[in-house]
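Inspection log for the structure reproduced underneath, given as structure tokens.
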Amino acid sequence: EYGDYECPDCGRLFETICVMRARIGDKLRLVFRHYPLSGLHPHAQQAAEVAEAAGAQGRFWEMHDLLFANQNALATKDLYKYAERLSLNVQRFQEELKRRTYEDRVREDFRRGVANGVYATPGLFINGLRYDGALDETSLLTRVQGHLR
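With my numbering applied, the sequence shown corresponds to residues 4 to 152, in that order.
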């Protein structure tokens, strides 16, 4: 998925993917690429960098889930609270955010998305193939299970 932590449609897809994970289990492998639409979502770029900073401490997916679960609370003070909640090294986390350590990584994901034809979020690919169908649980589950056979 190419996604934006502040995008409402990405938030709905996150909920759908959580249900699918529970049903499919380890057969579902998710790759998340950052595609912050900063013109629409003022916290999206920093939220993506926060996920990468957490990932550098081995907690990417936990932070990813927290960001989507709290889409309406993505101000810097909220992001620091999430780092504390995940027991990250908060000093390191804050320093990396101030230095914009992961800005280039996030921008590279965005560039790859553009190169792959992503023009909006969420941009979804299943087994490397662009998926432009409905994002409801039934439609996605049918498509994903078709690739598992």
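Cβ atoms here follow ideal geometry from the backbone N, Cα and C, with glycine treated the same way.
Predicted, not measured: the structure shown is a model, and the values here were computed from it.
Among the options, which residue has its Cα nearest to the Cα of residue i?
i: Gln-60; options: Arg-103, Leu-89, Gln-49; result: Leu-89
i: His-37; options: Arg-24, Asp-68, Met-23, Ala-54; result: Ala-54
i: Gly-42; options: Asp-139, Glu-87, Ala-123, Leu-143; result: Ala-123
i: Ala-72; options: Arg-110, Leu-138, Phe-113, Phe-17; result: Phe-17
Could you name the residues of the same chain whose beta carbon sits closer than 6 Å to that of residue i, not counting the 5 residues immediately before and after it, in chain order?
i: Glu-4; result: Phe-35, Pro-125, Leu-127
i: Pro-39; result: Asp-7, Ala-47, Gln-48, Ala-51
i: Cys-13; result: Gly-6, Asp-7, Thr-124, Pro-125
i: Leu-138; result: Leu-16
Tell me which same chain residues have a C-beta within less than 8 Å of the C-beta of residue i, skipping the five on either side of it?
i: Ala-78; result: His-46
i: Glu-65; result: Ala-57, Leu-89
Take residue i and list the residues in its own chain whose beta-carbon comes closer than 7 Å to its own, dropping the five residues that flank it on each side.
i: Arg-133; result: Gly-120
i: Asn-130; result: His-150
i: Asn-92; result: Gln-60
i: His-67; result: Phe-35, Ala-54
Specify, as a first and last residue, the run of the alpha helix (DSSP H) that residue i falls within.
i: Leu-16; result: 11 to 27
i: Val-53; result: 47 to 58
i: Asp-68; result: 63 to 72
Would you kindly work out how many angstroms separate the C-alpha atoms of residue i and residue j, rounded to a whole number?
i: Thr-145; j: Arg-102; result: 43 Å
i: Arg-11; j: Gln-74; result: In the sequence under discussion, the amino acid at residue 11 is Pro, which differs from the Arg named in the question. One C-alpha to the other measures close to 8 Å.
i: Leu-31; j: Ile-20; result: 9 Å
i: Leu-82; j: Gly-149; result: 38 Å
i: Glu-9; j: Arg-15; result: 11 Å
i: Val-147; j: Arg-62; result: 26 Å
i: Ala-25; j: Asp-135; result: 23 Å
i: Thr-141; j: Lys-80; result: 37 Å
i: Val-22; j: Ala-86; result: 25 Å
i: Arg-110; j: Ala-118; result: 12 Å
i: Ile-154; j: Leu-70; result: Nothing can be reported for residue 154: it is not among the residues displayed for the chain, which extend from 4 to 152.
i: Leu-100; j: His-44; result: 18 Å
i: Leu-143; j: Gly-116; result: 20 Å
What are the complete alpha helix (DSSP H) segments, minimum 4 residues, inside the region 74 to 146? 79 to 88, 93 to 102, 106 to 118
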